[in-house]
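Heads up: the structure comes next, in C-alpha cells.
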Amino acid sequence: MWLYKKFFNLLSRLIALNSIVILLVILIAGISVKDYACFLVNSEQVTGQALVDTLNEFLLKAGIIAFIMVGLFHYFTVRKIMSPIKSLSSAAKAVKEGSIPNKIKVSTSGEMKELIENFNSMTETLYLVQEQREEMLRDIAHELRTPLTNINGYLEALQNKVIEGDSELFGSLLEESKRITRIVELITELNSWNKGNYFFEKQFHPLKINEVLSKVITTFQLKLENKFKVYHIHFDQAEILGNQDGLKQAFTNILQNIIDYNTGEVLTVNGSIGNETYTIVFTHTGQYIDPEKKDLIFERFYRMEQSRSTDTGDAGLGLAITKSIIASHGGKVGISTNGNNHTFRIQLPLNSKA
1 MWLYKKFFNL LSRLIALNSI VILLVILIAG ISVKDYACFL VNSEQVTGQA
51 LVDTLNEFLL KAGIIAFIMV GLFHYFTVRK IMSPIKSLSS AAKAVKEGSI
101 PNKIKVSTSG EMKELIENFN SMTETLYLVQ EQREEMLRDI AHELRTPLTN
151 INGYLEALQN KVIEGDSELF GSLLEESKRI TRIVELITEL NSWNKGNYFF
201 EKQFHPLKIN EVLSKVITTF QLKLENKFKV YHIHFDQAEI LGNQDGLKQA
251 FTNILQNIID YNTGEVLTVN GSIGNETYTI VFTHTGQYID PEKKDLIFER
301 FYRMEQSRST DTGDAGLGLA ITKSIIASHG GKVGISTNGN NHTFRIQLPL
351 NSKA
C-alpha cells in the first residue's frame, strides 16, 4: 500500500513520465539507427566514412522526428496531469474573491484526488455555513422586528400626542425592550458555546452530575408541583468532566421547554450509567411534534408553531443552546416522540480519570 501511494503521488508520476520520455527517445533513435545501419551494410554496401556520414545524417533526422513525437506525447500527458491543478487553482481564486465555486470533477488518483476531495468538502462546508448565516440573519430580523415595531408605534403615538404616557404603557415598552435584550443575550450565549470559548473562559472540572441535576430540579420544585400531578425523579451517582454553569443552563432549558409545552400530568426524569456514558432521560406528554421534524427543534430559531417562541420569550434558542452546551462536553442530545409523548435524552461521557 505504501509503494502504491508513493507511486501515484504527483512527483512520482512526473518523474516516471520524464523517464519514459527519455527512454522512448533513446529507443526510437537507437533502434532506427541500428536497423538503418544494417540496411546500408547489407543492401547498399556502404562502409567506412560514407557509412558514418550517412548514419549521422539519419541519426539527426531520426532524433528530430523522435523528439517531436515524444514531445507531443509529453505535452498532452503533462496537460492531463496538470488539468486538476489548474481547476483547483481557479476554484481557490474564486474562494479568495468571496464566491463559492462548483465542485471540481475528480479525474485523477493518488494525492491529487485526495486534495481535490478535501477541497470539495471544504467548499461544501462553506456553502452550508453561508446558508446558515443568511438564514440566521433572516431569523434575527424576524425576531427583532415585532418588539421594535411595537416600541416605534408607541413612541410615534406619544410624539404625536395620540396617547398619553402612563405606568402601564411604560411597562409595556420596558417589556419589549427586555425582550430585545434577552434575544441578544441568547444569541451571544449560543455563539460563545459554538465557538468553544467556554473551554478557555470557564474551565471544565470533575462534577457530580447527579448533584448538578438535583440542584436544577430543586429550582423547578414549585413549577413541577403546579404543573404535574405526579413526577418521578431518580439519578444514579456519577462523575463527569464539565462546566457546572453550562450544564445547569442545558438542563434548565430542557425542563423549561417541558413545562411550557406540557399537556400531561406525569413527568419522569432519570439519570443512569451505561457504557462509559451518563444518560439523562426526560419523559412527558406535550404539544404535538411531527416525528419527522423532531430533530429540528434543536436548531436555532426553529418553531414547531409560530406562537411557541413568542409566548416563552426564548426566540427558539433555548434548545439550540442546550445542543451546543452538550456538544461542547462531548455529548449528545436528542428527542424521540410519537407525536405527543416525548422523551428528551442527553448522553454525557463519564470522567475516565475518576
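All residue numbers for the sequence shown refer to UniProt numbering, where the first residue is 1 and numbers rise by one. Beta carbons are placed, not taken as given, at the ideal position from N, Cα and C, and that holds for glycine.
Counting along the chain, where does the alpha helix (DSSP H) carrying residue i start and finish?
i	result
LEU350	LEU350 -> no alpha helix (DSSP H), and no H or E assigned at all.
LYS248	244-261
LYS223	221-227
GLY318	318-328
Along the chain, where does the beta strand (DSSP E) that runs through residue i open and close?
i	result
GLY271	266-274
ILE280	277-285
ILE289	It is not in any beta strand (DSSP E) - ILE289 carries neither H nor E in the DSSP assignment.
LYS332	332-337
ILE233	230-235
PRO206	205-208
Roughly how many whole angstroms lie between the Cα atoms of residue i and residue j?
i	j	result
ILE233	ASN270	6 Å
ARG79	SER87	12 Å
ASN253	PHE119	38 Å
GLN203	ILE151	40 Å
TYR231	VAL266	5 Å
LYS227	LEU255	12 Å
GLU299	GLY171	32 Å
GLU239	GLY318	25 Å
TYR154	VAL216	39 Å
VAL162	ASN257	40 Å
ASN351	MET82	51 Å
ALA92	GLY98	10 Å
GLU131	ILE140	14 Å
LEU137	THR123	21 Å
GLU201	PHE76	Since pLDDT at GLU201 reaches only 45, below the 50 mark, its modelled position is unreliable, and no value is offered.
ASN275	GLU168	56 Å
TRP2	SER19	Summary for TRP2: the model assigns pLDDT 40, below 50, so the residue's position carries little reliability; its value from the coordinates is reported in the next sentence. Approximately 21 Å, taken between the alpha carbons.
GLY71	LEU126	41 Å
GLU111	MET69	29 Å
GLU185	ALA320	14 Å
SER89	LEU128	22 Å
PHE220	THR149	34 Å
GLU134	THR188	17 Å
GLU57	PHE67	15 Å
SER328	SER214	22 Å
THR218	ASN160	50 Å
Is the CB-CB distance between residue i and residue j below 8 Å?
i	j	result
THR268	THR283	yes
ILE104	ILE85	no
LEU174	GLY165	no
ARG345	THR279	yes
LYS113	VAL106	yes
THR337	LYS293	no
PRO349	GLY330	yes
ALA250	THR181	no
Taking 7 Å as the limit between beta carbons, can you name the residues of its chain near residue i, skipping five residues before and five after?
i	result
VAL212	GLN244, LEU247, LYS248
ALA94	PRO101
SER121	none
LYS332	ILE326, GLN347
ILE259	LYS223, LYS227
PRO206	GLU239, LEU241, ASN351, ALA354
ASN210	PHE235, ASP236, GLN237, ALA238, GLY271
Spatial neighbours of residue i within its chain, please: CB distance less than 8 Å, with the 5 preceding and 5 following residues excluded, ordered by chain position.
i	result
SER177	PRO147, ILE151
LYS208	GLN237, ALA238, GLU239
LEU60	none
In its own chain, which residues sit with a C-beta less than 6 Å from the C-beta of residue i, not counting the 5 before and 5 after it?
i	result
PHE199	Its pLDDT being 48, under 50, PHE199 is placed unreliably in this model, and the coordinates cannot settle the point.
GLY286	TYR261, ASN262, THR263, HIS342
LEU224	TYR231
ILE273	ASP236, ALA238
LYS229	GLU265
residue 355	The question about residue 355 has no answer here: the residues shown for the chain are numbered 1 through 354.
GLN306	Residue placement at GLN306 is flagged as unreliable, the pLDDT there being 46, under the threshold of 50; the coordinate-derived value follows with that caveat. Nothing listed; no residue qualifies.
State yes or no: is the beta carbon of residue i nearer than 8 Å to at least one beta carbon in chain C?
i	result
LEU128	The structure shown contains no chain C; it is built from a single protein chain.
Check whether the Cβ of residue i lies closer than 7 Å to any heavy atom of the ligand NAD, and answer yes or no.
i	result
ILE22	The ligand NAD is absent from the structure shown, which contains no ligand whatsoever.
Problem set entry | Complete beta strand (DSSP E) runs within the UniProt domain "HAMP" (79-131) (minimum length 3 residues, chain order) | Listed in chain order, there is nothing to give.
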